[in-house]
Amino acid sequence: MLPVYSVVVPAYNEQEVITESYNRLTKVMKSIGETYELLFVNDGSKDNTANIIAGFCQNDESVRLINFTRNFGHMAAISAGMENARGQAIFIIDADLQDPPEIFPEMAEKWKEGYHVVYGKRTKRKGESFFKKLTAKVFYRFLRSMTSVDLPSDTGEFRLIDRKVCDAVNKLPEKNRYIRGLVSWVGFKQTPVEYVREERFAGTTKYPFRKMMAFAMDAITSFSHKPLKLATTLGMIISIASFLYILLVLYQHFFTDLNIAGWASTIAAILLTQGIVLMILGLMGEYIGRIYSELQNRPTYIIQEIIEKEEK
Ligand code: UDP
Ligand code: MG
0 MLPVYSVVVP AYNEQEVITE SYNRLTKVMK SIGETYELLF VNDGSKDNTA
50 NIIAGFCQND ESVRLINFTR NFGHMAAISA GMENARGQAI FIIDADLQDP
100 PEIFPEMAEK WKEGYHVVYG KRTKRKGESF FKKLTAKVFY RFLRSMTSVD
150 LPSDTGEFRL IDRKVCDAVN KLPEKNRYIR GLVSWVGFKQ TPVEYVREER
200 FAGTTKYPFR KMMAFAMDAI TSFSHKPLKL ATTLGMIISI ASFLYILLVL
250 YQHFFTDLNI AGWASTIAAI LLTQGIVLMI LGLMGEYIGR IYSELQNRPT
300 YIIQEIIEKE EK
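And the structure:
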């Protein structure tokens with residue numbers, strides 16, 4: 000029988016917290032009192048995460064486990080969860096319990112009122128470094144200013160989505176999946192539920208600075224072409240400035256005695272333009288790289304196996 004709710008939980012090296020997650024999720028889902036499944040996606044963990052979850056599957060038929068063949072990333076794990084979820088409403092939550100599953104009933108309530116997307120909005124973030132909070136804040140404001148899609152700020156993947164939304168997002172063909180952006184992009188009726196983001200229950204962040212940068216780039220390039228236009232604008236400004244400067248140089252050459260001066264300004268101008276040209280090239284590279292990976296059309300992830308208890 001198909002469950003009413005699915006809970007998608009991506010997990011990468013979460014052995015310290017996964018048991019607690021399972022217990023808390025089970026408790027909350029039981030309290031709602033309708034059928035549910037817990038769908039864990041093990042994103043190529045190198046620790047004991049997979050075995051621990053497989054253990055839950057043996058005793059509890061509401062647990063299913065998707066094992067990837069290697070680490071494909073947080074967004075890929077959520078995509079796999081969404082594609083394999085069978086519920087009428089799908090919760091998405093991190094394994095680390097930073098987002099409280101205890102507000103699921105409130106989210107479910109809103110869903111029953113007729114909202115298709117109920118997203119968690121963080122009012123506070125506890126136990127995260129000043130740097131992480133600052134970069135996150137700047138990033139979301141920046142991203143919002145760059146795109147015409149209404150992307151809510153201070154929102155992660157923590158949310159409930161209706162079956163219709165899930166199907167619509169699953170149908171989107173892109174491989175670089177910035178999920179929260181895609182969910183906003185498909186539209187439907189959305190509403191926030193506010194909450195306080197807690198410290199990680201255990202373990203450390205699986206998003207080092209490098210992954211965070213890649214994530215930010217994915218988000219921006221998937222939802223905005225403005226950086227490319229920025230290149231044009233910058234190029235135009237530089238060209239006009241250079242043209243004026245040439246006029247000045249010519250004037251100095253023909254009408255004054257200053258024609259040897261200007262070594263410093265020449266070097267400055269060369270360095271400046273070189274810098275900008277390189278930056279723009281890099282930017283183009285980012286987009287071209289993504290066009291290339293979409294063209295290669297490789298799957299977002301590869302599933303090694305799905306583990307669940309046989310239904311009797
Ligand atoms: N995660 C994943 N694959 C990865 C990195 C992270 O599935 O390559 C999962 C991780 O197990 C957690 C969620 O994505 O459930 C969010 O990661 P994390 O809590 O480390 O990120 P943060 O909250 O620090 O941004
Ligand atoms: Mg976390």
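Using numbering that gives the first Met the number 0, the first residue of the sequence shown is number 0, and each one after it goes up by one.
Just so it is clear, CB atoms sit at the ideal spot from N, CA and C, and this is done for glycine as well.
Please read all numbers here as calculations on a predicted model, not as lab measurements.
8 Å contact criterion, which residue i and residue j should meet: CB distance rounded
{"i": "F200", "j": "E19", "result": "6 Å"}
{"i": "W110", "j": "A88", "result": "5 Å"}
{"i": "N66", "j": "I302", "result": "7 Å"}
{"i": "G80", "j": "L38", "result": "5 Å"}
{"i": "E285", "j": "T220", "result": "6 Å"}
Cβ-based neighbour list, residue i, same chain, cut-off 8 Å, excluding 5 preceding and 5 following
{"i": "E307", "result": "C56, E60, V62, R63, L64"}
{"i": "L233", "result": "I275, I279"}
{"i": "F187", "result": "H115, V116, D161, K163, V164, A167"}
{"i": "G113", "result": "K188"}
{"i": "S292", "result": "K174, N175"}
{"i": "A268", "result": "S241, Y244"}
Residue i classed as buried or exposed, judged by whether at least 16 other C-beta atoms fall within 10 angstroms
{"i": "G288", "result": "exposed"}
{"i": "K311", "result": "No answer about K311 holds up, because its pLDDT of 49 lies below 50 and its placement is not dependable."}
{"i": "E13", "result": "buried"}
{"i": "H224", "result": "exposed"}
{"i": "F103", "result": "buried"}
{"i": "V182", "result": "buried"}
{"i": "A107", "result": "buried"}
{"i": "S264", "result": "exposed"}
{"i": "S147", "result": "exposed"}
{"i": "R209", "result": "exposed"}
{"i": "D256", "result": "exposed"}
{"i": "S238", "result": "exposed"}
{"i": "V137", "result": "exposed"}
{"i": "S30", "result": "exposed"}
{"i": "Y4", "result": "buried"}
{"i": "H252", "result": "exposed"}
{"i": "S128", "result": "exposed"}
{"i": "I77", "result": "buried"}
{"i": "K205", "result": "buried"}
{"i": "N296", "result": "exposed"}
{"i": "M283", "result": "exposed"}
{"i": "F313", "result": "Absent from the structure is residue 313, since the part of the chain shown begins at 0 and ends at 311."}
Near the ligand MG: residue i beta-carbon under 7 Å from a heavy atom
{"i": "R199", "result": "yes"}
{"i": "T204", "result": "yes"}
{"i": "D59", "result": "no"}
{"i": "D93", "result": "yes"}
Beta-carbon proximity list for residue i, same chain, < 6 Å, skipping 5 on both sides
{"i": "Q97", "result": "R196, E197, R199"}
{"i": "K123", "result": "V195"}
{"i": "F157", "result": "I92, D98, G119"}
{"i": "F222", "result": "T146, V148, G180"}
{"i": "G126", "result": "E198"}
{"i": "Y300", "result": "F67, F71, A75, A79"}
{"i": "E304", "result": "N66"}
{"i": "N41", "result": "A10, T48, A49, N66"}
{"i": "I52", "result": "F39, L64"}
7 Å CB neighbourhood of residue i in its chain, flanking five on each side removed
{"i": "P2", "result": "T34, Y35, E36, R85, G86"}
{"i": "A94", "result": "V8, P9, A10, E13, V16, I17, S20"}
{"i": "S152", "result": "Y139, R140, R143"}
{"i": "D46", "result": "N12, Q14"}
Near the ligand UDP: residue i beta-carbon under 7 Å from a heavy atom
{"i": "N70", "result": "yes"}
{"i": "Q97", "result": "yes"}
{"i": "D217", "result": "no"}
{"i": "D149", "result": "no"}
{"i": "Y194", "result": "no"}
{"i": "H73", "result": "yes"}
{"i": "Y139", "result": "no"}
{"i": "E13", "result": "yes"}
{"i": "D153", "result": "no"}
{"i": "A76", "result": "yes"}
{"i": "P9", "result": "yes"}
{"i": "D46", "result": "no"}
{"i": "D42", "result": "yes"}
Min CB distance residue i to chain B below 8 Å
{"i": "S128", "result": "The structure shown contains no chain B, having only a single protein chain."}
Let me know the alpha helix (DSSP H) ranges lying completely inside the stretch 76 to 133, each 4 residues or longer, listed in chain order. 103 to 112
Can you list, in chain order, the stretches of the alpha helix (DSSP H) that have 4 or more residues and sit fully within the stretch 143 to 202? 162 to 170, 178 to 184
What are the uninterrupted segments assigned as alpha helix (DSSP H) that are 4 or more residues long and contained completely in the stretch 33 to 76, given in chain order? 48 to 58
Fully enclosed by the stretch 225 to 276, which alpha helix (DSSP H) runs are 4 residues long or longer? 225 to 254
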